[in-house]
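To convert a position in the sequence shown, counted from 1, into the numbering used here, add 12.
What follows is a set of notes on a single structure, which appears directly below.
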Amino acid sequence: MKKSVISSILFFSISAFTFTNCQKAAVIDEADVTRIISTLASDDMEGRMIFTQGIEKASQFIQSEFEKIGLEYLDGLTSYNQQFSIYSIAPGNAIISLDGKLIDADNFLTMSTAESLKWSDIADLNIISVGASDNLQAMYNDIRRQSGKNLVLVDPAHKDFFARLKGFSLRGNRATEVDNENGIVMVLSTLKAVKNVSVEVDNVVKAESLSNVTGKISGKRANEIILFSGHYDHLGVRGTEGDTIYNGANDDASGTTAVITLAKYFKESGLKPERTIVFVAFTAEESGGYGSRYFSEQMDPDQIMAMFNIEMIGKGAKEGPNTAWITGFEKSTFGELLQKAVEGTEYTFYPDPYPTQNLFYRSDNATLARLGVPAHTISTTQIDIDKDYHQASDEVSTLDMAHMTNTIKAIAKAAEKMISGEQTPTRVDPSGLR
13 MKKSVISSIL
23 FFSISAFTFT
33 NCQKAAVIDE
43 ADVTRIISTL
53 ASDDMEGRMI
63 FTQGIEKASQ
73 FIQSEFEKIG
83 LEYLDGLTSY
93 NQQFSIYSIA
103 PGNAIISLDG
113 KLIDADNFLT
123 MSTAESLKWS
133 DIADLNIISV
143 GASDNLQAMY
153 NDIRRQSGKN
163 LVLVDPAHKD
173 FFARLKGFSL
183 RGNRATEVDN
193 ENGIVMVLST
203 LKAVKNVSVE
213 VDNVVKAESL
223 SNVTGKISGK
233 RANEIILFSG
243 HYDHLGVRGT
253 EGDTIYNGAN
263 DDASGTTAVI
273 TLAKYFKESG
283 LKPERTIVFV
293 AFTAEESGGY
303 GSRYFSEQMD
313 PDQIMAMFNI
323 EMIGKGAKEG
333 PNTAWITGFE
343 KSTFGELLQK
353 AVEGTEYTFY
363 PDPYPTQNLF
373 YRSDNATLAR
383 LGVPAHTIST
393 TQIDIDKDYH
403 QASDEVSTLD
413 MAHMTNTIKA
423 IAKAAEKMIS
433 GEQTPTRVDP
443 SGLR
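Next comes the structure, spelled out in structure tokens:
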């Protein structure tokens, strides 16, 4: 195994990515990879939890790396800092009556990202009846994906699951925008239909600031983008005894390190690429994917030709040290193109070996995939046996720097023909995604 790692590293060192007639070869250096991840996962960053000084330090470090590399700002920005607000919505006062009868507070719940809801016109409402024999959980999952003003009448036979939903609703909600038009009001009632409705809900809304770190290398085709991403947030400081800092070296300082390293690599390649290359370190992946959600709202998904989302590449994969796996392999030709790109080398890309864990939907690629982008996550960690995942023990000392460096080189090699415009993966079919 050791011999295999070394020889593959040598291969990628001498066959570095180059543009046509490139004036100099770019290098991905293990020492630089180690420097970057050691900084991001240091105790000084305090686990990079959102809304902390630690994540602000991490953001400043990534921005300084982008500046040294010489990346451009994304269109419309005046820095690498893509700042946005996230709103915490806590339930406040609510008064609900149906057909003139006031509903007891224990028998209704509200779910919305609204500052206030005021409903009185039946014609404006989607009225949904959940009968005693219906599957409330399945219907609830469908209703959550619907827009509009949804009044849900739930038969008392579902009182136990309704109580669970109410407990969940009382925790509040987070969103990237306040929406006073849409919402869900569920009422435990024997009613199947109503003639008169009065809904008055006032929530407590608090705005807090978050930021992605973004940069780009403009290509000849400004409207065709190859995207590289990883998330730089983690779990912060937890507990009071022993090691309380969750450094998140593998998850996902490794992916963020890859993004920075690839940015430097492609920039140093010398000439203008055919397609524009965008690099982003997402915030708040661990807290609901709000960074990737906001980013996707600022982009035209039709212009993103491929997304390389990189997560947890610091440890060897199940199939060996020269391998990485790709989530959602069957959903586009992205994975097949990566496999072909490294044919003849000792590196291999293969489908996600953990299909039952639904990993395609559990990282920042999912938001753009739902918009049709061939957006996939590349990883190497054996998550079924990794004892450091989401633990304080996820530190740089547990990682294989040679393997990680080699994986970054393989990703660079695999992206070559996509960046040059020679290859384009098929789009993801959004209708097949949950």
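Even for Gly, the Cβ is constructed at its ideal location relative to N, Cα and C.
These numbers were taken from a predicted model, which means no experiment stands behind them.
Task: Among V199, G112 and L52, nearest to F120 - alpha-carbon criterion - done: V199
Open item on the list: Can you give me the C-alpha to C-alpha distance between K421 and V225, rounded to a whole angstrom?
Closed with: Taking the straight line joining both Cα atoms gives about 22 Å.
- [ ] Pick helix, strand or coil for C34, following the three-state DSSP scheme.
- [x] Residue confidence for C34 is low, a pLDDT of 43 falling below 50, so the modelled location carries little weight; the figure read from the coordinates is stated next. Coil at C34, not helix or strand.
Task: Residue of A261, F240, G340 and A329 minimising C-alpha distance to I316 - done: F240
Task: Backbone CA spacing between A169 and R47 [nearest angstrom] - done: 59 Å
Task: Start-to-end residues for the beta strand (DSSP E) that takes in E236 - done: R233 to H243
Open item on the list: Short of 8 Å in beta carbon distance, which residues of its chain neighbour L22, apart from the five on each side in sequence? Order them along the chain.
Closed with: Residue confidence for L22 is low, a pLDDT of 41 falling below 50, so the modelled location carries little weight; the figure read from the coordinates is stated next. Spatial neighbours of L22 in its own chain (CB-CB distance under 8 Å, excluding positions within 5 residues in sequence) are not present.
TODO: Return the chain-ordered list of same chain residues with a C-beta closer than 6 Å to the C-beta of V164, the five sequence neighbours on each side being excluded.
DONE: I140 and M198
- [ ] Go to E297, then tell me how far its beta strand (DSSP E) extends in each direction, as first and last residue.
- [x] DSSP places E297 outside any beta strand (DSSP E), giving it a letter other than H or E.
Open item on the list: For P437, tell me which candidate among I115, M416, K352 and T410 has the shortest Cα-Cα distance.
Closed with: Distances from the CA of P437 to each of I115, M416, K352 and T410 were compared; the closest alpha carbon is that of K352.
Open item on the list: Between the alpha carbons of T202 and G143, how many angstroms are there, rounded?
Closed with: 9 Å
TODO: Check I115 in the structure and name its three-state DSSP category.
DONE: coil
- [ ] Taking only the alpha-carbon atoms, compute the straight-line gap between S432 and T360 and give it to the nearest angstrom.
- [x] 21 Å
Task: Nearest-angstrom Cβ-Cβ length linking D41 and T125, presumed shorter than 8 Å - done: No, D41 and T125 are not in contact; Cβ-Cβ is about 45 Å, not under 8 Å.
Open item on the list: What does DSSP give as the partner residue(s) for S100 in the beta ladder?
Closed with: R186 and K218
TODO: Tell me whether the beta-carbon of P386 lies closer than 8 Å to the beta-carbon of F346.
DONE: yes
Task: Nearest candidate by alpha-carbon position, reference F96, set F63, T368 and F180 - done: Comparing C-alpha distances from F96 to each of F63, T368 and F180 shows the shortest one belongs to F63.
Open item on the list: What would DSSP say about L411, mapped onto helix, strand or coil?
Closed with: coil
TODO: Specify, as a first and last residue, the run of the alpha helix (DSSP H) that A205 falls within.
DONE: Counting along the chain, A205 falls outside any alpha helix (DSSP H), and DSSP gives it neither H nor E.
Task: Local Cβ density within 10 Å of E355, reported as buried at 16 or more and exposed below that - done: exposed
Open item on the list: Could you tell me the alpha carbon to alpha carbon distance between D56 and V45, rounded to whole angstroms?
Closed with: 18 Å
- [ ] Work out the CA separation of V211 and S132 for me, nearest whole Å.
- [x] 7 Å
- [ ] Classify G282 as helix, strand or coil using the three-state DSSP reduction.
- [x] coil
Task: Residues near L411 by beta carbon distance below 8 Å, same chain, minus five either side - done: I49, A261, N262, S266, G326 and K327
Task: CB of K232 within 8 Å of CB of E286, strictly - done: The answer is yes: Cβ separation under 8 Å.
TODO: Have a look at K178, M61 and K113 and flag the residue whose alpha-carbon is nearest the alpha-carbon of A102.
DONE: Nearest of K178, M61 and K113 to A102, Cα basis: K178.
Open item on the list: Tell me which residues share the same chain as K204 and place their Cβ nearer than 7 Å to its Cβ, disregarding the 5 neighbours each side in the sequence.
Closed with: Same-chain partners within the cutoff: S141 and L165.
Open item on the list: Which same chain residues end up closer than 8 Å to Y92 when comparing Cβ atoms and leaving out the 5 residues on each side of it in sequence?
Closed with: I74, Q75, F78, E79, L83, Y85, V225, T226 and G227
Open item on the list: Only counting the same chain, and skipping five residues up and downstream in sequence, which positions put a Cβ closer than 8 Å to that of F278?
Closed with: F29, A38, I229, P285, I289, A424 and I431
Task: Counted within 10 angstroms of its Cβ, other Cβ atoms place R60 as buried (16 or more) or exposed - done: Buried, by the Cβ-count rule.
Open item on the list: Do E297 and D364 have their beta-carbon atoms positioned less than 8 Å apart in this structure?
Closed with: Not closer than 8 Å, so no.
Task: Exposure label - L247; buried when at least 16 CB within 10 Å - done: buried
Open item on the list: Tell me the rounded alpha-carbon separation between V271 and G195.
Closed with: 37 Å
Task: Rounded C-alpha distance that separates K429 from Q435 - done: Their backbone Cα atoms lie some 5 Å apart in a straight line.
TODO: With a threshold of 16 other CB atoms inside 10 Å of the CB of N138, please say whether the residue is buried or exposed.
DONE: exposed
Task: Minimum C-alpha distance to D136 - residue among V209, I155, S409 and I67 - done: V209
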